[in-house]
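K.L.:
Heads up, my numbering is the position in the sequence shown plus 945, with the first residue counted as 1. Below is one structure. I have some questions about it.
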Amino acid sequence: MRLVRIVVAVMVLGFMLGGAGQAYAQEEEAAERPWVYASFYKVPWERVDSLTALNKLYPWVEKAVEMGHILGFKMLVHHTGDEYNIVLMTFFPSWEAIGEGARWSEVFEALEPDAERRAEVDDGFDWVFQGTKHYDIIYRVMETP
């Protein structure tokens, strides 16, 4: 009877330690999954082309990635939608990085040293988003197909 108890105790301990190791591995794997900061905007249709053109002026994303601020960025346009037709998705490596932000101003300053030109481009973005409704949601990539 005593041998049975020892065997059962060893098996239970093995399952517990095996489960703990698996949970630790899952946490470690989850740390590598990016965070997605998604901003949904209702931009008037007559301004969408301007937004696209402004985004193409400079290699914003490449520079922000190079500087280590973000992992990537995507802009989605819902061409048949009326509400929230623009989705801006910024991919961050960690929750802490979201708190630091993409630091677009720092990126822009590195790309365009002329302060007057930066102000002109900023005015363009301000015009696109002026008076628009928006909301933000933070997602976590859990699995990819």
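Cβ atoms here follow ideal geometry from the backbone N, Cα and C, with glycine treated the same way.
1) Three-state secondary structure (DSSP) at Ser984?
2) For Ala1055, which residues in the same chain have their Cβ closer than 8 Å to its Cβ, ignoring the five residues on either side in sequence?
3) For the 8 Å Cβ check, are there 3 or more pairs between the stretch 991-1009 and the stretch 1045-1064?
4) Here's the rule: buried if 16 or more other CB atoms are within 10 angstroms of the residue's CB, otherwise exposed. What is His1023?
5) For Arg978 versus Val1086, is the C-beta spacing smaller than 9 Å?
6) Grab me the residues of Ser995's own chain with a C-beta within less than 6 Å of its C-beta, minus the 5 sequence neighbours each way, in chain order.
7) Who are the near neighbours of Asn1000 in its chain, counting only those whose CB is closer than 7 Å to its CB and skipping five residues on each side?
8) In or out: Arg1062 buried (at least 16 other Cβ within 10 Å) or exposed?
9) Going straight from the alpha carbon of Ile1082 to that of Trp980, what length do you get?
10) In chain order, what residues of the same chain lie with their CB nearer than 6 Å to the CB of Leu1033, ignoring the 5 residues before and after it?
P.N.:
Put simply:
1) strand
2) Lys1008 and Met1012
3) The stretch 991-1009, when compared against the stretch 1045-1064, does touch it at the 8 Å Cβ threshold.
4) exposed
5) Yes.
6) Val1073
7) Contacts found: Met1020.
8) The C-beta of Arg1062 has fewer than 16 other C-beta atoms within 10 Å across all chains shown, which makes the residue exposed.
9) A direct Cα-Cα distance of roughly 11 Å separates Ile1082 from Trp980.
10) Ser984 and Met1020
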